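First comes the structure, then the notes that go with it.
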Amino acid sequence: MKTWLTCFFCLALIATPAFPADNEQMTSMQSTPEEFEEFSQVMQGRWISEIIWITDWPGFGKKGDSVTGYEEYQIGQGGKVINGQGYAGPGSMTSLIYYDVGKKQILDHQVSSGGNVWVMVIYKENGEWNYKITGSTG
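Heads up, the sequence shown is in this note's numbering, so the first residue is -4 and it goes up one at a time.
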C-alpha cells in the first residue's frame, strides 16, 4: 500500500503542469508584431547620451565616472530584427532585438566588451516602453 501511494504521488507530481511563478507577469509583458514594428521605427538611428556610472561596470568605467555613450540601431532581415552597436567610454556592446512569436515578446540580447551579458523583455504598458532586464556583469 505504501509503495502504491508513493508511486501515485510521484506520478501525480510529474503529470502536474508546471507554470513559472511569474506567469501573470510574463503575460503582461507580451507584445504584438505591430508593437515590434512600432518599436523598430522608434529605435532606428543614432543616439547619444551622457552617462554617470552608479556602480562599477567592467570594461566601461568605475562608479562616479562620466562618459559619453553612442548607440546606433538598424532594422534588418526584412524588418524581423534590430541590430544595435553601442559605445560608452572604453567599452562597446552588441545588441540583437527581435520578436519571439512563440513567447509573444520583444527580446533584446546584449553582450559587451567587458563580458557583461543582458537579456531584456521589452513591452509597452500604459503607452510607455518598459524593459525587464536580467543578466550579469563580467
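Where is the CB? At the ideal position from N, CA and C, for every residue including glycine. Note that this is a predicted model, so its numbers are computed, not measured.
Distance check for Q100 and A16, CA to CA, integer angstroms please. Here residue 16 refers to the residue found at position 21 when the sequence shown is read from its first residue. Here residue 100 refers to the residue found at position 105 when the sequence shown is read from its first residue. Confidence at A16 is low in this model, with a pLDDT of 46, below 50, so the placement of that residue should be treated as unreliable; the coordinate-derived value is given next. Rounded to the nearest angstrom, the two C-alpha atoms are 18 Å apart.
Is V116 buried or exposed, if buried means 16 or more other CB atoms sit within 10 Å of its CB? In the sequence shown, counting from the first residue as 1, residue 116 sits at position 121. With 16 or more Cβ atoms within 10 Å of its Cβ, V116 is classed as buried.
Which of helix, strand or coil does DSSP assign to Q72? Here residue 72 is taken as the residue at index 77 of the sequence shown, counted from 1. Helix.
Own chain residues within Cβ distance below 6 Å of G64, not counting five before or after: By 1-based counting over the sequence shown, the position of residue 64 is 69. Annotation for G64: S44, I46, A83 place their beta carbon closer than 6 Å to its own, counting only its chain and skipping 5 residues before and after.
Suppose contacts are defined by Cβ-Cβ distances below 7 Å. Is K119 in contact with E30 by that definition? Here residue 119 corresponds to residue number 124 of the sequence shown, with the count starting at 1. Here residue 30 corresponds to residue number 35 of the sequence shown, with the count starting at 1. It is a contact, given that the beta carbons lie within the stated cut-off.
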